[in-house]
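For reference, the structure discussed in these notes is given below.
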Amino acid sequence: MKKGDIGSTIIMWLAILSVAIIVSSWFVTTIRPLRGESKIIDFDMNQVITKVENACTSFEFQTKYNPRMNFGEIEFNQTQLCITTQDIKDCRELPCEVTEYTSFNLATISNIIIIKNQEGIKIEKEDFVQ
């Protein structure tokens with residue numbers, strides 16, 4: 006075995022270790038927060054869809070939901086619910102149609118209000134009280 010072989014091997018393993026540390030730290034700071042954000046979006050969407058589904062099967066209905074997500078946009082078109090942030094857009098089918106397109110900035114609302122009456126299902130917002 007030559008004397009230079011051990012030194013080269015040590016340098017090569019240190020370089021590989023450095024690259025692994027850099028890649029894993031990038032992964033933790035970039036990808037992990039998105040997983041947390043997507044879990045919150047998933048929770049909010051499931052809650053809103055459940056409440057809309059309850060409205061679909063009721064003659065009259067009114068409820069409020071305070072979304073956990075506090076940034077981004079939430080929008081209802083006739084057949085879909087979408088939540089959009091800077092990094093994620095998630096859309097899901099609604100169990101029944103809402104009467105009109107509605108969009109809210111999640112940073113400015115405290116509650117989403119779901120109302121069902123003779124005219125159909127309507128989505129409104131309740132702003133933060135200042």
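Residue numbers 6 to 135, in my numbering, belong to the letters of the sequence shown in order.
C-beta atoms are modelled at their ideal positions from N, C-alpha and C, and glycine is treated no differently.
Sort the options by Cα distance to residue i and report the nearest one.
i, options, result
"K121", "E65, G12, V103, I93", "E65"
"F133", "F109, I126, I119, K127", "F109"
"Y70", "C61, T55, T84", "T55"
Taking 9 Å as the threshold (C-beta atoms), are residue j and residue i in contact?
i, j, result
"E124", "T107", "no"
"L86", "I79", "yes"
"I126", "I117", "no"
Give the straight-line distance between the Cα atoms of residue i and residue j, rounded to the nearest whole angstrom.
i, j, result
"E98", "A112", "23 Å"
"D95", "M17", "43 Å"
"R73", "A25", "35 Å"
"N75", "D49", "11 Å"
"I11", "F32", "32 Å"
With a 10 Å radius around its C-beta and 16 neighbouring C-beta atoms as the bar for buried, classify residue i as buried or exposed.
i, result
"F81", "buried"
request  = Scan the region 18-69 and note each continuous alpha helix (DSSP H) run of 4 residues or more that stays entirely inside, going in chain order.
outcome  = none
query = Residue ranges of each beta strand (DSSP E) run of no fewer than 3 residues wholly in the region 62-133, ordered along the chain?
reply = 66-70, 78-81, 85-89, 94-98, 107-110, 114-122, 125-132
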